[in-house]
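Q: Residue 1 is where the sequence shown starts when you use full-length UniProt numbering, and the numbers rise one by one after that.
Submitted below is the structure of interest, expressed as structure tokens.
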Amino acid sequence: MLGMHHELTHSVDRKFLNPNKNSLSEPDPEWEKLNAPEFQYYGKDNFLQLPNVWHPLPGIMLPYGASLLGEDRAVFGALIMGWPATYNLLVQACQTDSFVAAKIRLTVSRWKQFWPFPGAENTEWKIRMAQAERDCR
Numbered sequence: 001m002l003g004m005h006h007e008l009t010h011s012v013d014r015k016f017l018n019p020n021k022n023s024l025s026e027p028d029p030e031w032e033k034l035n036a037p038e039f040q041y042y043g044k045d046n047f048l049q050l051p052n053v054w055h056p057l058p059g060i061m062l063p064y065g066a067s068l069l070g071e072d073r074a075v076f077g078a079l080i081m082g083w084p085a086t087y088n089l090l091v092q093a094c095q096t097d098s099f100v101a102a103k104i105r106l107t108v109s110r111w112k113q114f115w116p117f118p119g120a121e122n123t124e125w126k127i128r129m130a131q132a133e134r135d136c137r
């Protein structure tokens, strides 16, 4: 389930970034300012230097998210919409890491713009967005 929502997040990104470019490496100043000071993405080859643990760095939930800006966004989307156990780890992190909390808020804001349809309030999508907003204020 995480993989599906990870890829869905890339599609949401294309709406907000230049749809004709690669959303994985396209600059996103709004997201980049939510990283810890001095943080630089590791790149596709170097992120494996990080330990394979949850929340290895401030603002980063999985080592793969530290590879590229677009992968960082996709990890957050996957965790928000993923299994309850992984969502709970995300919530624990957002309550102690202001960078994680800010990234969740931006993800939710963008996803609400992506899916603004009235009458969809009881869909899993809307329920998850509302829950993430409440849990990570």
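Even glycine gets a Cβ: it sits at the ideal position worked out from N, Cα and C.
Keep in mind that this is a model prediction, so the values were computed, not measured.
Could you check whether D13 and G70 sit closer than 9 angstroms to each other, using their CB atoms as the reference points?
A: What you label residue 70 is simply residue 70 of the sequence shown in a count that begins at 1. What you label residue 13 is simply residue 13 of the sequence shown in a count that begins at 1. Yes, Cβ-Cβ distance for G70 and D13 is below 9 angstroms.
Q: Which ranges does the beta strand (DSSP E) cover as unbroken runs of at least 3 residues, wholly within the stretch 47-124, from first to last along the chain?
A: Taking 3 residues as the minimum length, the stretch 47-124 contains no beta strand (DSSP E) run wholly inside it.
Q: In three-state terms, what does DSSP make of M1?
A: Along the sequence shown, read from residue 1 onward, the residue named residue 1 stands at position 1. Low confidence applies to M1: its pLDDT is 49, below 50, so where it sits in the model is not reliable enough to give any reading.
Q: How many angstroms separate the CA atom of E38 from the CA atom of A93?
A: Counting from 1 along the sequence shown, the entry for residue 38 is found at position 38. Counting from 1 along the sequence shown, the entry for residue 93 is found at position 93. Each residue's Cα considered, the two are about 20 angstroms apart.
Q: Measuring CB to CB, does A102 end up less than 9 angstroms from L34?
A: Residue 102 sits at position 102 when you count from the first residue of the sequence shown. Residue 34 sits at position 34 when you count from the first residue of the sequence shown. Contact flag set, yes.
Q: Assuming V75 contacts L62 (C-beta within less than 8 angstroms), just tell me the rounded distance between them.
A: Here residue 75 refers to the residue found at position 75 when the sequence shown is read from its first residue. Here residue 62 refers to the residue found at position 62 when the sequence shown is read from its first residue. So it is a contact: roughly 5 angstroms between Cβ atoms.
Q: Determine the direct distance from the alpha carbon of F16 to that of L106, and round the result to whole angstroms.
A: In the sequence shown, the residue the question calls residue 106 occupies position 106. In the sequence shown, the residue the question calls residue 16 occupies position 16. Their Cα atoms are separated by approximately 12 angstroms.
Q: Output the distance between the C-alpha atoms of P29 and A130, rounded to the nearest integer angstrom.
A: In the sequence shown, counting from the first residue as 1, residue 29 sits at position 29. In the sequence shown, counting from the first residue as 1, residue 130 sits at position 130. Computed Cα separation, rounded: 25 angstroms.
Q: Would DSSP call D135 helix, strand or coil?
A: Position 135 of the sequence shown, counted from the start, is the residue given in the question as residue 135. DSSP places D135 in helix when its eight states are reduced to three.
Q: Please report the Cβ distance between D72 and I60, rounded to the nearest whole angstrom; I am assuming they are in contact, meaning their Cβ atoms lie under 8 angstroms.
A: The sequence position of residue 72 within the sequence shown is 72, counting from 1. The sequence position of residue 60 within the sequence shown is 60, counting from 1. 7 angstroms between Cβ atoms; contact.
Q: Taking only three categories from DSSP, how would you classify D45?
A: Within the sequence shown, the letter at position 45 stands for residue 45. The answer is coil: DSSP assigns D45 none of H, G, I, E or B.
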